[in-house]
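**Q**
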Amino acid sequence: MYIDEVEKAVTSLIQELHHYDITCEIEGHNLYSSKPKVHLLTHLPNDLQIFGTALHYETEKGEQFNKHIHEHLMHTNRLNTSRDICFKFAKQSAMRHIIDGGSWVSKDKMREKYGNSTAEFLKENFNDNVKNTLFGGSRDFADNNNTDDITAKALCDNTFVVFMLKESRDQHAHPFIGKVSSLRVEHYRVESSLHAQVNNYLLMQRVSNDASTPLDQLKIVCKLDMHTEFNNKLVINLSKFGSYWFFVSLFSN
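Using my numbering, the first residue of the sequence shown is number 631, and each one after it goes up by one.
(1) For Pro-675, does the three-state DSSP call read helix, strand or coil?
(2) Looking at the ligand MN, does it come within less than 6 Å of Lys-761, judged from the CB to the closest heavy atom?
(3) Does the separation of the CB atoms of Val-735 and Arg-726 fall below 7 Å?
(4) For Val-668, which residues of its own chain have a beta-carbon under 7 Å away from its beta-carbon, when the five flanking residues on both sides are left out?
(5) Thinking just about the alpha-carbon of each residue, which of Asp-714, Ile-715, Gln-722 and Ala-749 is nearest to the one in Gly-731?
(6) Are the CB atoms of Met-834 and Tyr-818 nearer to each other than 7 Å?
(7) Have a look at Lys-697 and Lys-718 and give me their C-alpha separation to the nearest angstrom.
(8) The beta strand (DSSP E) with Tyr-818 in it runs from where to where?
(9) When the distance is taken between beta carbons, is Pro-805 closer than 7 Å to Val-837?
(10) Quick check on Glu-816: buried or exposed, where buried means 16 or more other Cβ atoms within 10 Å of its Cβ?
(11) Which residues bound the alpha helix (DSSP H) around Phe-719?
(12) Could you check how far apart the C-beta atoms of Leu-685 and Gln-722 are, in whole angstroms? I think they sit under 8 Å.
(13) Just to confirm, are Val-810 and Lys-853 a CB contact at a threshold of 7 Å?
(14) Could you please give the first and the last residue of the uninterrupted alpha helix (DSSP H) stretch that includes Leu-685?
(15) Rounded to whole angstroms, what's the CA-CA distance from Glu-690 to Lys-737? Just pull it up for me.
(16) What's the gap between the Cα of Gly-692 and the Cα of Asp-840?
(17) Around the Cβ of Tyr-831, are there at least 16 other Cβ atoms within 10 angstroms (buried) or fewer (exposed)?
(18) Quick check on the burial criterion: 16 or more other C-beta atoms within 10 angstroms. Buried or exposed for Leu-864?
(19) Candidates Phe-756, Cys-716, Gly-745 and Gln-679: which alpha carbon is nearest Ile-728's?
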């Protein structure tokens, strides 16, 4: 059913793009419907059947590495960008090797390591700015499953999220899945089945029409970016979050 919905969505999008192309009056307009990426969308339903959910082969995280390249690009003269950026990454790699206790061969062909004065300097001055600038420190990718505070990043209505209470007297309080609706969160109950276990998804139903919690009393565990309705139940794909049993155990009493 999900693949059929994807195929309908792709067909509808291409039809709308084609209609815009033939009615667009902008001079020199390049046809959207003839672009390679639009054609590739027609293969998506078949790819889903062969490879599973597109979350398995998304390129979002790889694309986000461009921002780290851009940081270095801003400090070059743009005459030989590939070489300059390569040198920058190589220097950062060498710095990490040294600071991790690695050695190198000097001009006198002697193996050396950094001394006590360098260690003391780094101990006194090491911070995130130094780490990122000199060593290319690891930084998390910001994606659709970040755990930003709700107050800092608003959630749209009808978004499904795994929540936990910010403050709770119950030391064994468990996460729950909820749907955002007008600054409140509706509670959903997780159901288990053998078929769901094999196919790595969860079925959920609304607990009751009255069960809800104010949004500002909750914190995000993770966002659920795919849901669909089937037989009055919600189907949540768990491929992005790991195994079925791990996710089910999160909600067990």
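Think of the CB as a built atom: it goes at the ideal place given N, C-alpha and C, for glycine as much as any other residue.
These numbers were taken from a predicted model, which means no experiment stands behind them.
**A** Let me spell this out:
(1) Look at Pro-675 here: in three-state DSSP terms it is helix.
(2) Absence of the ligand MN is noted for the structure shown, with no ligands found whatsoever.
(3) It is not a contact, given that the beta carbons lie outside the stated cut-off.
(4) Ile-644, Leu-647 and Tyr-662
(5) Ala-749
(6) Yes, Cβ-Cβ distance for Met-834 and Tyr-818 is below 7 Å.
(7) 14 Å
(8) 814 to 821
(9) It is not a contact, given that the beta carbons lie outside the stated cut-off.
(10) buried
(11) 711 to 729
(12) Between Gln-722 and Leu-685 the Cβ distance is about 31 Å, and since that is not below 8 Å, they are no contact.
(13) no
(14) No alpha helix (DSSP H) contains Leu-685, which DSSP labels as neither H nor E.
(15) 44 Å
(16) 43 Å
(17) buried
(18) buried
(19) Gly-745
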